[in-house]
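Numbered per the numbering used here, the sequence shown spans residues -15 to 157.
Just so you know, even glycine gets a beta-carbon here, dropped at the ideal spot from N, CA and C.
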Amino acid sequence: MTRAAPAAALALVAAALGAGPARAREAFVGTVPNGASYSCSTCHSNGDGGEGWNDFGQDLLEAGGANPDANPDDQNAGYVGSPRWSDVCDLDSDGDGYVNGEELGDPTCTWVQGDDDSEAAVTNPGDGADFPGDGAALCSSHHRGRGTPGALALCGLLCARLLAAHRISSRWS
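Encoded structure:
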């Protein structure tokens, strides 16, 4: 065996190990409309996925048959299947006054897995500080699938300030 062979084998193993989370993410983000807009942060409390779920993720776990409170060290335990979007669409998981369907571009709760995502501006149903009409929705629609959550949040703040300034200046003109 040449010296290059072990390095190539190690690179192949590393690539295979790194592919697992990406495959899992692709499968999960397709269970809700516009699920890829916030990537893992749609359901998880951190942008990398894994353990730690936001309020929307907790609702999805429960709709999928899991009891996330049963084992705080492994909240995925007992997850028996993909929840139906209709089970969580009309909930306001993050308590911001907007139901999950309004935040993810399906206010009538008619989307089913496999449907195309809407072009509507979306907000994160697991983040109570991100809600329709706050400027972040315009930004997330404009930057769909591009940028980090932090950059999108900053853009949302800028959009909100610009909108507020425009509304104020429009009143005086």
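Discussion item. Give me, in chain order, the residues of the same chain whose beta-carbon lies closer than 7 Å to that of S70; leave out the 5 immediate sequence neighbours on both sides.
Written reply: C93
Discussion item. Can you find the residues in the same chain that come closer than 6 Å, C-beta to C-beta, to A104, ignoring five residues on each side of it along the sequence?
Written reply: G89
Fill in: W95 - DSSP class collapsed to helix/strand/coil
coil
Worksheet item: CA-CA distance, T107 and D80?
Response: 11 Å
Discussion item. Can you tell me where the alpha helix (DSSP H) holding D114 begins and where it ends?
Written reply: Run containing D114: none; DSSP gives neither H nor E here.
Item to complete: Kindly indicate the opening and closing residues of the alpha helix (DSSP H) around N84.
Response: N84 to E87
Worksheet entry | Range covered by the alpha helix (DSSP H) that runs through W69 | W69 to V72
Discussion item. By the DSSP assignment, the alpha helix (DSSP H) with L44 in it spans what residues?
Written reply: D39 to A47
Item to complete: Measure from the alpha carbon of G113 to the alpha carbon of each residue in Y82, D99 and V96, then state which is nearest.
Response: In the sequence as presented, Gly is not what sits at residue 113; that position holds Ala. Nearest of Y82, D99 and V96 to A113, Cα basis: Y82.
Practice prompt. On a CA-only basis, which of G31, D100, S102 and T15 is nearest A47? Give me that one, please.
Written response: T15
Discussion item. Can you check whether the C-beta of D74 is within less than 8 Å of a C-beta belonging to chain C?
Written reply: Looking for chain C here will not work: only one protein chain is present.
Practice prompt. Please look up how many angstroms separate the CB atoms of W172 and C24, rounded, as I've assumed it's under 8 Å.
Written response: Because the chain spans -15 through 157 in this model, residue 172 falls outside it and cannot be assessed.
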